[in-house]
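A.B. asks: Pasting a structure here, questions to come.
Protein chains: 2
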Amino acid sequence: MHKATEQLSVYLAGQGLKSTRQRDRILDVFVSAGRHLSAEELYLLIRKTDRRIGYATVYRTLKLLAGAGLAHERRFEDGITRFEYDAAEGHHDHLICTRCGRIIEFENEQIEDLQLRVAKKNRFQVQTHKLELYGLCEGCQSKKGKTEL
Amino acid sequence: MHKATEQLSVYLAGQGLKSTRQRDRILDVFVSAGRHLSAEELYLLIRKTDRRIGYATVYRTLKLLAGAGLAHERRFEDGITRFEYDAAEGHHDHLICTRCGRIIEFENEQIEDLQLRVAKKNRFQVQTHKLELYGLCEGCQSKKGKTEL
DNA sequence: CTGCAATTGAAAATGGTTATCAAAATCATC
DNA sequence: GATGATTTTGATAACCATTTTCAATTGCAG
Chain E
1 MHKATEQLSV
11 YLAGQGLKST
21 RQRDRILDVF
31 VSAGRHLSAE
41 ELYLLIRKTD
51 RRIGYATVYR
61 TLKLLAGAGL
71 AHERRFEDGI
81 TRFEYDAAEG
91 HHDHLICTRC
101 GRIIEFENEQ
111 IEDLQLRVAK
121 KNRFQVQTHK
131 LELYGLCEGC
141 QSKKGKTEL
Chain X
150 MHKATEQLSV
160 YLAGQGLKST
170 RQRDRILDVF
180 VSAGRHLSAE
190 ELYLLIRKTD
200 RRIGYATVYR
210 TLKLLAGAGL
220 AHERRFEDGI
230 TRFEYDAAEG
240 HHDHLICTRC
250 GRIIEFENEQ
260 IEDLQLRVAK
270 KNRFQVQTHK
280 LELYGLCEGC
290 QSKKGKTEL
């Protein structure tokens with residue numbers, strides 16, 4: 001049992017929820033993918049090895065994982081919600097390639113500090129934040145053509 | 150004729166598009182509102198004084214205004230697209246109250262610089278960016294209850 | 001085991017946004 | 001002004017990601 005599966009069990013037990021084959025399977029595929037996935041992408045991945053899991057269950061389980069702190073919900077400019085596995089590491093932001101969809105993560109302490117300073121100046125109490133830089137990744141800068149997003 | 154109406158005329162003429170009562174009216178109400186509006190909010194505002202303008206036209210016109218540089222499209226975490234009138238001022242970011250929906254704008258040169266530095270380090274060519282701080286505005290910090298977003 | 005609450009899957013519903021299309025409006029040209 | 005090609009409009013249907021519904025199934029405490 002990986003750390004993630006363990007963490008899910010603990011969460012489910014604590015909430016009086018049930019452990020199911022579907023939930024374990026979805027988490028497993030999700031963690032293995034190791035990248036940002038939309039509900040549909042995950043559904044299709046799971047379908048490859050298990051056709052007995054429904055679309056709605058994938059959506060429901062992703063929400064559940066987000067609640068358990070095992071997944072983070074990200075909504076970028078294309079309007080599709082994506083989830084990323086992120087057990088409990090620190091906050092990070094994203095560089096998003098508008099051509100190939102590639103997502104690069106980064107952390108920057110200085111920017112975070114400046115954000116808090118801005119909030120303070122406006123007497124605003126920050127709960128979460130979101131910083132996204134849209135543009136072309138290295139590989140796409142040399143290519144020609146339309147952007148994807 | 151305000152500056153915005155003038156600007157729209159010039160844009161329409163330049164693109165071989167037509168000037169219509171609806172477009173002028175929508176722009177006028179939009180600019181007068183002086184705040185971030187969703188298509189639906191704008192539609193309802195317009196309906197108060199002119200019931201002959203359709204829903205679809207409001208959507209189409211907002212897209213048009215965005216193309217003309219008269220409106221900026223913003224998509225926050227609630228999934229609803231909002232537009233803000235912004236003739237040609239510089240880029241700015243947002244503080245968004247998760248309780249009352251209030252939106253405060255801010256600019257911060259230092260953060261922008263750091264963003265470019267991060268991008269450079271990742272050999273990423275930035276096209277646009279988005280920085281949003283979600284939390285409680287001053288007025289909402291003292292209130293109790295559920296958040297709206 | 002048993003029983004009941006939680007969960008599932010398939011399908012329908014939802015909600016914001018966009019496409020369709022016939023009718024109406026715009027505008028360059030006469 | 002009138003004409004006519006082209007654009008725009010409004011009502012409605014379609015779209016599409018996501019959520020809800022609900023009967024059937026499953027997990028698990030007792």
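So the sequences go chain by chain: E and X. Letter by letter, the first sequence follows residues 1 to 149 in the numbering used here. Letter by letter, the second sequence follows residues 150 to 298 in the numbering used here. Idealized CB from N, CA, C, for every residue including glycine.
1) Does DSSP classify glutamate 109 of chain E as helix, strand or coil?
2) First and last residue of the beta strand (DSSP E) that includes alanine 220 of chain X?
3) If you measure from the beta carbon of alanine 119 of chain E to each beta carbon in chain X, is any gap under 8 Å?
4) Going by the CB atoms, is the gap between threonine 98 of chain E and leucine 136 of chain E shorter than 8 Å?
5) Hey, could you find the ends of the beta strand (DSSP E) cysteine 246 of chain X is sitting in?
6) Kindly indicate which three-state DSSP category serine 142 of chain E falls into: helix, strand or coil?
7) Name the two residues that bound the continuous alpha helix (DSSP H) containing phenylalanine 186 of chain E.
8) DSSP three-state label for leucine 280 of chain X, please.
9) Rounded to the nearest angstrom, what separates leucine 44 of chain E and tyrosine 59 of chain E at their Cα positions?
10) Give a yes or no on whether 8 Å exceeds the smallest Cβ distance from valine 29 of chain E to chain X.
11) Helix, strand or coil, according to DSSP, for isoleucine 103 of chain E in the structure here?
12) Could you give the distance in angstroms between the alpha-carbon of valine 159 of chain X and the alpha-carbon of leucine 42 of chain E?
13) For leucine 265 of chain X, collect the residues of the same chain with a Cβ closer than 7 Å to its Cβ; drop the 5 residues on either side in sequence, then sort them by chain order.
14) Using the rule of at least 16 other Cβ atoms within 10 Å of the residue's Cβ for burial, across every protein chain shown, is histidine 278 of chain X buried or exposed?
15) So with Cβ pairs under 8 Å, would you call glutamine 156 of chain X a contact of chain E?
16) What number of angstroms, rounded off, separates the C-alpha of arginine 172 of chain X from the C-alpha of aspartate 78 of chain E?
17) Between which residues of its own chain and cysteine 289 of chain X is the CB-CB distance below 7 Å, once the five residues before and five after are set aside?
18) Indicate the three-state DSSP secondary structure (helix, strand or coil) for arginine 47 of chain E in the structure shown.
19) For the alpha helix (DSSP H) that contains arginine 82 of chain E, what are its first and last residues?
20) What does the alpha-carbon distance come out to for the pair aspartate 199 of chain X and leucine 157 of chain X?
21) For threonine 98 of chain E, decide whether its Cβ has a neighbour in chain X, counting only Cβ atoms nearer than 8 Å.
22) Taking the beta carbon of tyrosine 204 of chain X as the centre, do at least 16 other beta carbons fall within 10 Å, making it buried, or is it exposed?
23) Look up leucine 263 of chain X in the DSSP assignment and say whether it is helix, strand or coil.
24) In this structure, what does DSSP give as the bridge partners for glutamine 125 of chain E?
25) If you drop the 5 nearest sequence neighbours on each side, which residues of the same chain put their C-beta closer than 8 Å to that of alanine 220 of chain X?
26) Can you name the residues of chain X whose CB is closer than 9 Å to the CB of histidine 129 of chain E?
27) Taking 8 Å as the CB-CB limit, is arginine 272 of chain X close to chain E?
28) Isoleucine 202 of chain X CB to nearest chain E CB: under 8 Å?
29) Contact defined as beta carbons within less than 8 Å: I believe phenylalanine 273 of chain X pairs with glutamate 107 of chain E. What is the distance between those atoms, to the nearest angstrom?
30) Pull up the DSSP beta-bridge partners for leucine 37 of chain E, would you.
31) Using only the alpha-carbon positions, how far apart do histidine 241 of chain X and isoleucine 103 of chain E sit?
C.D. replies: On the basis of the supplied data:
1) Residue state, collapsed to three classes: helix.
2) Segment 220-224, the beta strand (DSSP E) holding alanine 220 of chain X.
3) By this cut-off, alanine 119 of chain E is an interface position.
4) For leucine 136 of chain E and threonine 98 of chain E, yes; Cβs fall inside 8 Å.
5) Run containing cysteine 246 of chain X: 242-246, per the beta strand (DSSP E) assignment.
6) Judged by DSSP in its simplified three-state form, serine 142 of chain E adopts coil rather than helix or strand.
7) With chain E covering only 1 through 149, there is no way to say anything about residue 186 of chain E.
8) Of the three classes helix, strand and coil, the one that applies to leucine 280 of chain X here is strand, per DSSP.
9) One alpha carbon belongs to leucine 44 of chain E, the other to tyrosine 59 of chain E, and they sit about 12 Å apart.
10) Judged by the 8 Å Cβ criterion, valine 29 of chain E is not in contact with chain X.
11) DSSP, read as helix, strand or coil, puts isoleucine 103 of chain E in strand.
12) Across the structure, valine 159 of chain X and leucine 42 of chain E are spaced so that their CA atoms are roughly 48 Å apart.
13) So the qualifying residues of the chain are Val275.
14) Burial call: buried.
15) Contact of glutamine 156 of chain X with chain E is not assigned, every C-beta pair being separated by 8 Å or more.
16) Those two C-alpha atoms are separated by around 27 Å.
17) Closer than 7 Å at Cβ, skipping near neighbours: Cys246, Arg248 and Cys249.
18) Arginine 47 of chain E sits in a helix when the DSSP states are folded into three classes.
19) Premise fails: arginine 82 of chain E lies in the beta strand (DSSP E), 81-85, not in any alpha helix (DSSP H).
20) Straight-line Cα distance between these residues: approximately 20 Å.
21) Output row for threonine 98 of chain E: interface = yes.
22) Per the 10 Å Cβ criterion, exposed.
23) Reduced to three states, the DSSP call for leucine 263 of chain X is helix.
24) X:Leu285, per the DSSP bridge assignment.
25) Hits under 8 Å: Phe179, Leu211, Leu214, Phe232, Glu233, Tyr234 and Asp235.
26) Residues of chain X whose Cβ lies closer than 9 Å to the Cβ of histidine 129 of chain E are, in chain order, Leu280, Glu281, Leu282, Tyr283 and Gly284.
27) Chain E, which has a Cβ nearer than 8 Å to the Cβ of arginine 272 of chain X, makes this yes.
28) No, because no Cβ of chain E sits closer than 8 Å to the Cβ of isoleucine 202 of chain X.
29) For phenylalanine 273 of chain X against glutamate 107 of chain E, the beta-carbon gap comes to about 15 Å, at or over 8 Å, which does not count as contact.
30) DSSP output for leucine 37 of chain E lists E:Phe83 as bridge partner(s).
31) When rounded, the distance between both Cα atoms is 23 Å.
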